[in-house]
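Engineer:
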Amino acid sequence: EILSNQDQQICTCLEEKLHIYAELGELSGLEDVHLEPHLLIKPDPGEPPQAASLLAAALKEAESLQVAVKATQAGDACQSSEEGSGESSLTDTRSTPEEPGSSPASLVTEGTGGRGCWDVDPGTQGLGTDLAVSDAGEKVEYRSFPVSSQSEIIQAIQNLTRLLYSLQAALTIQDSHIQVHRLLLQQQESLSPGPSFRGSPFQDQEKYRNLEKQREELANIHKLQSQFQQDQRRWHRQCDQQQREQEAKASRLQERERECRSQEELLLRTRGELDQQLQEYQQN
């Protein structure tokens with residue numbers, strides 16, 4: 001009963017974390033991102049949950065996250081090339097004499113005429129259950145983030161977090177079941193008379209097989225726990241790195257936007273001065 005209560009408390013704490021992540025996802029402003037704030041398993045005193053299926057689903061979701069990250073990196077490479085072409089076009093515009101029929105709007109259009117766009121791949125589907133990522137690609141200009149790729153990355157992280165927390169709860173419940181079985185075996189050994197065990201070799205063999213099986217299960221659980229902790233630390237590091245990179249990209253884009261506005265104002269002032277000089281020349 002104590003172990004069951006502790007398992008319930010652990011599951012409750014993990015679901016509270018999922019609730020917090022779900023609220024943070026809503027604050028991000030991305031409508032495609034959705035997280036179910038519930039674990040995929042429930043504490044069942046009769047049957048321990050199977051952790052293998054959760055681990056397989058987590059690995060599949062990790063592959064989906066890797067595909068989405070690669071798609072974002074490919075979009076960044078296209079963005080860099082488009083920015084270079086836009087800067088060269090703006091330089092040519094400033095160095096080339098104007099035609100009398102040109103307008104400020106046409107100058108700005110020519111300065112940013114190299115701006116391109118591309119179709120963002122939707123990525124792979126998420127879990128086969130209620131976990132799914134957005135399957136609609138969007139056209140995104142290079143001066144803003146590819147929203148669909150960003151949504152897919154965040155959705156994959158949310159799905160992976162839910163799977164890892166469910167896997168952690170499943171391993172905890174399995175460990176509790178093993179502890180209960182071990183205590184029951186110890187009580188049975190203490191209550192059973194010695195001569196009966198010595199006189200029944202079949203019972204000794206069955207007991208030995210059960211102990212070996214439980215020992216193997218315990219070793220597998222410890223292995224899964226270690227692998228889960230390593231994967232969790234690795235994904236936390238990758239999530240932090242992705243967040244830092246996105247913040248840096250946002251800062252660079254804002255700086256680029258300020259520079260473009262400054263150049264646009266400079267071109268407008270230059271245009272006005274040239275128009276005034278032209279009028280004075282015509283009057284003279």
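Going by the UniProt record's numbering, the sequence shown opens with residue 1, and the numbers climb by one from there. Ideal placement from N, C-alpha and C gives every residue a C-beta, glycine not left out. These figures come from a predicted structure and were not determined experimentally.
(1) Three-state secondary structure (DSSP) at Leu39?
(2) In chain order, which continuous runs of the alpha helix (DSSP H) of length 4 or greater are located wholly inside the stretch 149–226?
(3) Report yes if the C-beta distance between Glu15 and Leu39 is below 7 Å; otherwise report no.
(4) Please classify His177: is it buried, with 16 or more other beta-carbons within 10 angstroms of its beta-carbon, or exposed?
(5) Apart from the five residues just before and just after Gln168, which ones in its own chain have a Cβ nearer than 7 Å to its Cβ?
(6) Among the candidates Thr161, Ile153, Glu264 and Leu171, whose CA atom is the shortest distance from the CA of Ser64?
(7) Mark Asn159 as exposed unless 16 or more other C-beta atoms lie within 10 angstroms of its C-beta, in which case mark it buried.
(8) Just curious, the alpha helix (DSSP H) that Glu16 is in, first and last residue?
(9) Straight-line CA distance for Asn5 to Arg215?
(10) Quick check on Glu189: buried or exposed, where buried means 16 or more other Cβ atoms within 10 Å of its Cβ?
(11) With the cut-off set at 7 Å, would you say Ile20 and Ser166 are in Cβ contact?
(12) Taking Asp231 and Leu164 to be in contact with their CB atoms under 8 Å, please state how far apart those CB atoms are, rounded to whole angstroms.
(13) Are the beta-carbon atoms of Pro37 and Leu18 separated by less than 7 Å?
(14) Is it buried or exposed, Gln125, if we count other Cβ atoms within 10 angstroms and call 16 or more buried?
(15) Quick one, are the C-beta atoms of Cys239 and Ile173 less than 7 Å apart?
(16) Hey, out of Glu212, Gln242 and Arg234, whose CA is closest to Gln150's CA?
(17) Let me confirm a value: Ala68 is counted as buried when at least 16 other C-beta atoms fall within 10 Å, else exposed. Which label applies?
(18) Around the C-beta of Gln282, are 16 or more other C-beta atoms found within 10 angstroms, so that it is buried, or is it exposed?
(19) Just tell me which of Glu26, Gln225 and Leu185 has its CA closest to the CA of Tyr208.
(20) Measuring alpha carbon to alpha carbon, tell me which of Leu267, Glu206 and Asp175 ends up nearest His222.
(21) Using the Cβ count rule (16 or more neighbours within 10 Å means buried), how would you classify Gln187?
(22) Taking the C-alpha atoms as reference points, what is the distance between Thr270 and Arg252?
(23) Measure the CB-CB distance between Leu224 and Ala51 and report whether it falls below 7 Å.
Structural biologist: Reading off the structure:
(1) One-based indexing of the sequence shown puts residue 39 at position 39. Three-state result, Leu39: coil.
(2) 194–198
(3) Taking the first residue of the sequence shown as position 1, residue 15 is located at position 15. Taking the first residue of the sequence shown as position 1, residue 39 is located at position 39. It is a contact, given that the beta carbons lie within the stated cut-off.
(4) Here residue 177 refers to the residue found at position 177 when the sequence shown is read from its first residue. Buried, because 16 or more other Cβ atoms sit within 10 Å of the Cβ of His177.
(5) Working through the sequence shown from its first residue, we reach residue 168 at position 168. Contacts found: Leu14 and Phe228.
(6) In the sequence shown, counting from the first residue as 1, residue 64 sits at position 64. Of the listed residues, the one whose Cα sits closest to Ser64 is Ile153.
(7) On the sequence shown, residue 159 is found 159 positions in, with the first residue counted as 1. Asn159 is buried by the Cβ-count criterion.
(8) In the sequence shown, the residue the question calls residue 16 occupies position 16. Segment Ile2 to Leu27, the alpha helix (DSSP H) holding Glu16.
(9) Reading the sequence shown from its first residue, position 5 is the one you call residue 5. Reading the sequence shown from its first residue, position 215 is the one you call residue 215. The straight-line gap from Cα to Cα measures roughly 24 Å.
(10) The count along the sequence shown starts at 1 and reaches residue 189 at position 189. Classification of Glu189: exposed, given that the 10 Å Cβ count is below 16.
(11) In the sequence shown, counting from the first residue as 1, residue 20 sits at position 20. In the sequence shown, counting from the first residue as 1, residue 166 sits at position 166. No, these two residues do not count as a Cβ contact at 7 Å.
(12) On the sequence shown, residue 231 is found 231 positions in, with the first residue counted as 1. On the sequence shown, residue 164 is found 164 positions in, with the first residue counted as 1. Contact flag correct, Cβ pair sits at about 7 Å.
(13) Numbered from its first residue, the sequence shown carries residue 37 at position 37. Numbered from its first residue, the sequence shown carries residue 18 at position 18. Closer than 7 Å, so yes.
(14) Here residue 125 refers to the residue found at position 125 of the sequence shown. No answer about Gln125 holds up, because its pLDDT of 36 lies below 50 and its placement is not dependable.
(15) As a working note, residue 239 is residue 239 in the sequence shown. As a working note, residue 173 is residue 173 in the sequence shown. Result no, Cβ atoms of Cys239 and Ile173 do not sit closer than 7 Å.
(16) As a first step, residue 150 is located in the sequence shown; it is residue number 150 there, counting from the start. Nearest of Glu212, Gln242 and Arg234 to Gln150, Cα basis: Gln242.
(17) Counting from one through the sequence shown, the residue named residue 68 turns up at place 68. That one is buried.
(18) Against the sequence shown, residue 282 aligns to sequence position 282. Gln282 comes out exposed.
(19) Counting from 1 along the sequence shown, the entry for residue 208 is found at position 208. It is Leu185 whose Cα lies nearest to the Cα of Tyr208.
(20) As a working mapping, residue 222 is identified with position 222 in the sequence shown. Among Leu267, Glu206 and Asp175, the Cα nearest to that of His222 is on Asp175.
(21) Position 187 of the sequence shown, counted from the first residue, corresponds to residue 187. Classification for Gln187: exposed.
(22) The residue you call residue 270 lines up with position 270 of the sequence shown. The residue you call residue 252 lines up with position 252 of the sequence shown. C-alpha separation (whole angstroms): 27 Å.
(23) Numbered from 1 along the sequence shown, position 224 holds the residue referred to as residue 224. Numbered from 1 along the sequence shown, position 51 holds the residue referred to as residue 51. Yes; because the gap between Cβ atoms is below 7 Å, this pair is in contact.
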